[in-house]
Each structure stands twice: as structure tokens, then as C-alpha cells.
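K.L.:
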């Protein structure tokens with residue numbers, strides 16, 4: 001799992017999808033095939049978010065680079081699941097940083113999915 | 001009683017639908033057998049004779065036009081295969097005469113194989129044929145695995161491990177095959193750009209979106225219970241171009257949107273009866289980023305728009321074509337989008353593109 005690092009003020013937990021999950025992300029549900037958004041959220045991401053959620057000075061950084069690419073259904077399923085379980089969108093966007101230097105549009109898409117989820 | 005989660009509910013709905021469709025299919029097969037006028041034994045003998053020597057049996061010769069290309073002339077290809085289908089529906093054997101074809105791309109080749117290996121198309125009637133005289137097309141037939149699919153008694157495997165130059169036929173409940181897509185990407189990058197770096201490409205996402213699209217739009221409302229797609233990543237040795245074709249023979253994008261709308265809303269159903277649907281406009285809306293989906297669930301209906309954005313920003317993806325129902329669209333980097341309406345309906349969805357070396 002990701003490297004934990006602590007700065008003076010806040011604890012940062014990192015998840016690197018390429019290293020911690022797969023190089024080849026799939027589609028939405030487990031029933032769609034391997035490495036789905038549902039699988040990533042349930043097996044990798046949820047526990048990490050739980051860790052940072054209740055602590056005041058902690059943040060989760062999700063590194064998206066290094067994989068072959070992401071389908072819209074993968075990204076939207078992860079976003080929807082986060083909102084469903086953690087509800088507070090503002091806090092979600094404060095606590096979780098999605099990072100992609102290669103393609104910032106992916107990050108934009110995730111933020112859009114989070115904001116669109118009722 | 002335990003409350004059903006939304007996912008569980010959706011899963012149960014999908015399961016019930018699959019079961020229901022399977023039962024309808026079984027009933028149809030039984031009915032077809034019951035109503036068959038020609039004795040089965042007689043049909044079997046005739047089929048055997050036809051496969052041994054087509055001249056001995058009355059059959060239909062389906063002469064292909066010189067240009068047999070789904071990307072440049074979809075109407076004539078659709079009408080060509082439709083004509084053959086008419087004979088096959090009447091249990092008349094068909095001889096596909098492709099001898100004089102001078103233009104045929106990997107996309108039409110894939111479509112041809114998908115059709116002649118589909119039970120609904122051939123209707124348990126034997127088919128025979130020849131291959132084009134054109135040497136380049138002949139090479140494609142050979143390298144793309146034509147003989148593996150057409151030689152009787154040689155059943156092909158569902159997934160082929162060689163991801164390039166060989167037709168891959170997937171018949172699986174898991175419609176999305178990320179590892180296979182990854183292998184294909186790496187091989188294509190090696191062939192076209194001579195690099196092992198798979199990061200600098202967009203077409204992995206396109207492949208996954210295509211596979212997911214099959215689940216969303218191919219078999220909806222049809223009698224099939226498994227999802228089928230075909231993929232060919234054909235490497236041209238002389239040009240270094242990798243030609244991709246992704247195909248399913250489902251109901252097509254626009255038809256599935258209509259079916260779903262019709263099921264959900266009475267107003268939409270009435271509207272459909274009065275105002276004919278404009279698939280061209282629907283696709284334009286999708287390209288513009290307006291969500292076109294049947295479901296009210298969030299995060300749905302972005303797949304095609306994702307593909308559109310990726311293709312528009314990638315200089316190495318050329319001749320990107322979407323063919324579905326009566327629509328053919330061409331999009332690409334630095335080019336004006338072209339969306340045309342065809343005369344004939346293409347049953348299913350086809351994506352085609354060429355990965356070209358950087359200049």
C-alpha cells in the first residue's frame with residue numbers, strides 16, 4: 001500500500017493506482033471484468049479514506065499516473081462510491097487529492113463526477 | 001427483512017432479464033424446429049454435398065462489389081451481406097464470391113468473420129467462398145487468422161493470445177478485458193512507434209470504453225445472454241500502421257438508447273411514435289458533452305464523449321470511424337467532424353482507427 005509520510009502539520013497517506021492496484025484499470029463493476037472501479041474502491045481506496053476521514057490533520061493523495069489509462073466508468077464509479085459512503089462533498093475534496101501530471105483532465109472528470117453525484 | 005442495496009437490486013434485475021431472455025431464445029429454437037418443413041436428414045445431406053462440391057447443390061452466389069469497405073462505403077457492404085442473409089434465412093446455401101474485391105480493410109474483414117460465425121446469420125446453412133485475388137488483401141486474410149475461423153471442425157478458442165494481426169473473438173460474461181487491452185496497447189506501441197513505453201498513448205482507454213460500450217449498447221433487449229465482441233489489431237508491416245477494429249453485432253448505440261427510453265417513459269414512447277428519432281443529432285449532442293443515457297443514475301453516458309475527446313487530442317490516431325445503426329461518423333485531430341446518415345441500418349457498432357507513426 002502507499003507510503004505514509006508526515007509533515008509538521010499533517011499526515012499524508014498515498015495511494016498509487018499503478019503500484020497498489022493495477023496498470024490496467026477496467027470498467028465499472030466487478031461483473032464487468034477485472035480491475036473495476038468497484039474493486040478498486042472496495043479493496044484499496046475505502047480503507048485509506050477511512051484512515052484519514054476522522055483525523056483533522058490528515059490527507060489522502062491518489063496518484064493516477066503510470067497506468068495505461070482510465071475509462072469514464074471506472075472514474076465515475078470510484079467517485080460515486082466515495083460520495084455515497086462519505087457524503088460531505090466539500091470535505092471529500094479537501095481530504096482527497098487526485099493527482100495526474102500526465103492528464104489533468106482525468107482529475108477534472110473525477111471532480112465533476114463527485115460534484116454531480118446527488 | 002434486509003433492505004436491498006441499489007447494486008444488489010440492479011444485479012437482480014440484470015440476472016432476471018438474462019434468465020428471461022434465455023428462456024425466450026429456447027422457446028424460439030424449439031418452435032423453429034417444429035415448423036421446419038424440409039426433413040432434417042435431407043438438409044444435412046445437402047449441406048454435406050455443398051461443402052464437398054458447391055456445384056452439386058443449388059445455391060446462391062453472392063458476388064461482392066469491388067469496393068467492399070465499411071469505412072468508405074458502408075451501404076454497399078451492409079446490402080451485400082443482407083442479400084446473402086435472405087438466402088440463408090431460406091436455408092439456401094451461399095457462396096461468397098470475393099475474388100474481384102480490390103479494396104477491403106480490416107474492419108470489413110472482421111465484420112465478415114463475425115457474421116459468418118454467427119448462428120443467427122448463417123441459420124445452420126452451409127456457406128462457401130473464395131478469397132480476393134488482390135495480394136495485399138490475401139495477406140490480411142492469412143495473417144488475421146481467416147482460416148482459423150472458416151475451416152470446418154477446427155473450433156477456435158474464445159480468446160486468442162496473440163494480440164496483433166490476429167482476430168480476437170471474445171465471448172464472455174466479463175465484457176471488459178483490461179489485461180488483454182494492455183497487451184494489445186504494448187504490442188501496438190512496439191510495432192508503430194518501436195517503443196516499450198505504453199504511457200504515451202490514448203487508445204487503451206478507447207479500447208476499454210469500446211468494451212464497456214458493448215455491455216451498455218449491444219445486446220440490450222435482444223435474445224442473447226452472453227456479450228460478444230470482436231477485435232482486430234492488424235499490423236501493416238510496410239507502413240508500420242496498426243489498424244484497430246472493434247465490433248459487436250448487437251442492437252447498436254442509437255437503437256439501444258431508444259429501447260431504453262421507450263421502456264422507461266410513456267411520454268418518450270409516444271414521442272417516438274410521432275417524431276422520428278434523429279440519430280445524427282443525438283451523436284452531435286454526445287460529442288458536445290451533453291449526456292445521452294437512458295438511466296437517471298449519475299456518472300453514466302460519458303463513454304462516447306470520452307472517446308471523442310481522446311481522439312480529438314491525439315495526432316497519432318487517424319481515420320477514427322464510428323458506425324452504428326444508420327450513422328457513420330469520422331473524427332480526428334485537427335479535422336472537422338463528419339456525421340453522415342446511411343441508407344441501411346448497420347446492426348451493431350463498429351469502431352475503427354489507425355495508429356500511425358509520428359512524422
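Residue numbers (my numbering), protein chains in the order written: chain A, 1 to 118; chain B, 1 to 359. Beta carbons: idealized from backbone N, C-alpha and C, even for Gly. These numbers come from a predicted model, not from an experiment.
Just reading off the beta strand (DSSP E) that residue 348(B) is part of, what are its end residues?
P.N.:
Run containing residue 348(B): 338 to 355, per the beta strand (DSSP E) assignment.
K.L.:
For residue 125(B), which option in 92(B), 25(B), 113(B) has the closest C-alpha, if you only look at C-alpha atoms?
P.N.:
Checking every option, the nearest Cα to that of residue 125(B) belongs to 92(B).
K.L.:
Buried or exposed for residue 15(B), please, with buried defined as at least 16 other CB atoms from any protein chain shown within 10 angstroms of its CB.
P.N.:
Residue 15(B) is exposed by the Cβ-count criterion.
K.L.:
Using a Cβ cut-off of 7 Å, pull out every chain A residue sitting near residue 298(B), in sequence order please.
P.N.:
Within chain A, the residues near residue 298(B) are 80, 116, 117, 118.
K.L.:
Report the rounded CA-to-CA distance for residue 116(A) versus residue 93(A), giving the unit in angstroms.
P.N.:
Cα to Cα, residue 116(A) sits roughly 13 Å from residue 93(A).
K.L.:
Return the chain-ordered ranges of every beta strand (DSSP E) run that is complete within the region 31 to 99 of chain B and spans a minimum of 3 residues.
P.N.:
DSSP runs (the beta strand (DSSP E)) wholly in the region 31 to 99 of chain B: 60 to 63, 94 to 97.
K.L.:
If you follow the beta strand (DSSP E) that residue 319(B) is part of, which residue opens it and which one closes it?
P.N.:
That run of the beta strand (DSSP E) goes 317 to 331.
K.L.:
Do the region 106 to 125 of chain B and the region 228 to 235 of chain B make contact, defined as three or more Cβ pairs closer than 8 Å?
P.N.:
Enough Cβ pairs lie closer than 8 Å, so yes.
K.L.:
Rank 139(B), 4(B), 315(B) by C-alpha distance to the C-alpha of residue 356(B) and give the top, closest one.
P.N.:
When each option's Cα is compared against that of residue 356(B), the closest is 315(B).
K.L.:
From which residue to which residue does the alpha helix (DSSP H) around residue 107(A) run?
P.N.:
Element bounds for residue 107(A): 104 to 116.
K.L.:
Examine chain B for any beta-carbon lying closer than 7 Å to the beta-carbon of residue 85(A), and answer yes or no.
P.N.:
No - not a single Cβ of chain B is within 7 Å of the one on residue 85(A).
K.L.:
Does any CB atom of chain A fall closer than 7 Å to the CB of residue 210(B)?
P.N.:
Cβ-Cβ to chain A under 7 Å: no for residue 210(B).
K.L.:
So, helix, strand or coil for residue 100(A), using DSSP?
P.N.:
Coil, per DSSP.
K.L.:
Residue 45(A): which of 28(A), 78(A), 59(A), 113(A) sits nearest, CA to CA?
P.N.:
Looking at the Cα atoms, 78(A) is the closest of the given residues.
K.L.:
When you compare each of 120(B), 42(B), 344(B), 195(B) to residue 73(B) by their alpha carbons, which one comes out closest?
P.N.:
If we check each option's Cα against that of residue 73(B), 344(B) comes out closest.
K.L.:
On the CB-based measure, 16 or more other CB atoms within 10 Å of its CB, does residue 29(A) come out buried or exposed?
P.N.:
Buried, by the Cβ-count rule.
K.L.:
Report buried or exposed for residue 32(B), applying the criterion of at least 16 other Cβ atoms within 10 angstroms of its Cβ.
P.N.:
Exposed.
K.L.:
Do you know whose CA, among 33(A), 23(A), 109(A), 11(A), lies nearest residue 72(A)'s CA?
P.N.:
Of the listed residues, the one whose Cα sits closest to residue 72(A) is 109(A).
K.L.:
So does the region 96 to 111 of chain A actually touch the region 236 to 254 of chain B, counting three or more Cβ pairs closer than 8 Å?
P.N.:
No, because fewer than three Cβ pairs between the region 96 to 111 of chain A and the region 236 to 254 of chain B fall closer than 8 Å, the two stretches do not touch.
K.L.:
Ignoring anything shorter than 3 residues, give me the beta strand (DSSP E) runs that lie fully in the region 20 to 104 of chain A, in order along the chain.
P.N.:
Entirely contained in the region 20 to 104 of chain A, the beta strand (DSSP E) runs reaching 3 residues are, in chain order, 58 to 63, 96 to 99.
K.L.:
In the DSSP assignment, the beta strand (DSSP E) including residue 4(B) goes from what residue to what residue?
P.N.:
Premise fails: residue 4(B) is in no beta strand (DSSP E) and is neither H nor E.
K.L.:
In chain order, what residues of the same chain lie with their CB nearer than 7 Å to the CB of residue 140(B), ignoring the 5 residues before and after it?
P.N.:
Contacts found: 106, 109, 234.
K.L.:
Is the beta carbon of residue 97(B) less than 7 Å from the beta carbon of residue 122(B)?
P.N.:
It is not a contact, given that the beta carbons lie outside the stated cut-off.
K.L.:
Should residue 288(B) be labelled buried (16 or more other beta-carbon atoms within 10 Å of its own) or exposed?
P.N.:
Residue 288(B) comes out exposed.
K.L.:
Would you say residue 307(B) and residue 209(B) are within 7 Å of each other, going by their C-beta atoms?
P.N.:
Yes, these two residues count as a Cβ contact at 7 Å.
K.L.:
At a CB distance below 9 Å, what residues from the region 37 to 51 of chain A approach chain B? Give them in sequence order.
P.N.:
Listed by position along the chain: 38.
K.L.:
Among 255(B), 215(B), 354(B), which has the Cα closest to the Cα of residue 33(A)?
P.N.:
It is 215(B).
K.L.:
Any Cβ of chain A within less than 7 Å of the Cβ of residue 178(B)?
P.N.:
Yes - at least one Cβ of chain A is within 7 Å of the one on residue 178(B).
K.L.:
Which one or two residues does DSSP pair with residue 16(A) in a beta bridge?
P.N.:
63(A).
K.L.:
Answer yes or no: does any C-beta atom of chain A fall closer than 7 Å to that of residue 175(B)?
P.N.:
It does: the Cβ of residue 175(B) has a partner Cβ on chain A nearer than 7 Å.
K.L.:
In three-state DSSP terms, what is residue 125(B)?
P.N.:
If DSSP states are grouped into helix, strand and coil, residue 125(B) belongs with coil.
K.L.:
Going by beta-carbon coordinates alone, are residue 78(B) and residue 346(B) separated by less than 7 Å?
P.N.:
Cβ atoms of residue 78(B) and residue 346(B): closer than 7 Å.
K.L.:
Taking CB distances under 7 Å as the criterion, tell me whether residue 73(A) reaches chain B.
P.N.:
Taking Cβ atoms only, chain B reaches closer than 7 Å to residue 73(A), which makes this a yes.
K.L.:
Among 84(B), 279(B), 138(B), which has the Cα closest to the Cα of residue 115(B)?
P.N.:
Nearest C-alpha to residue 115(B): 84(B).
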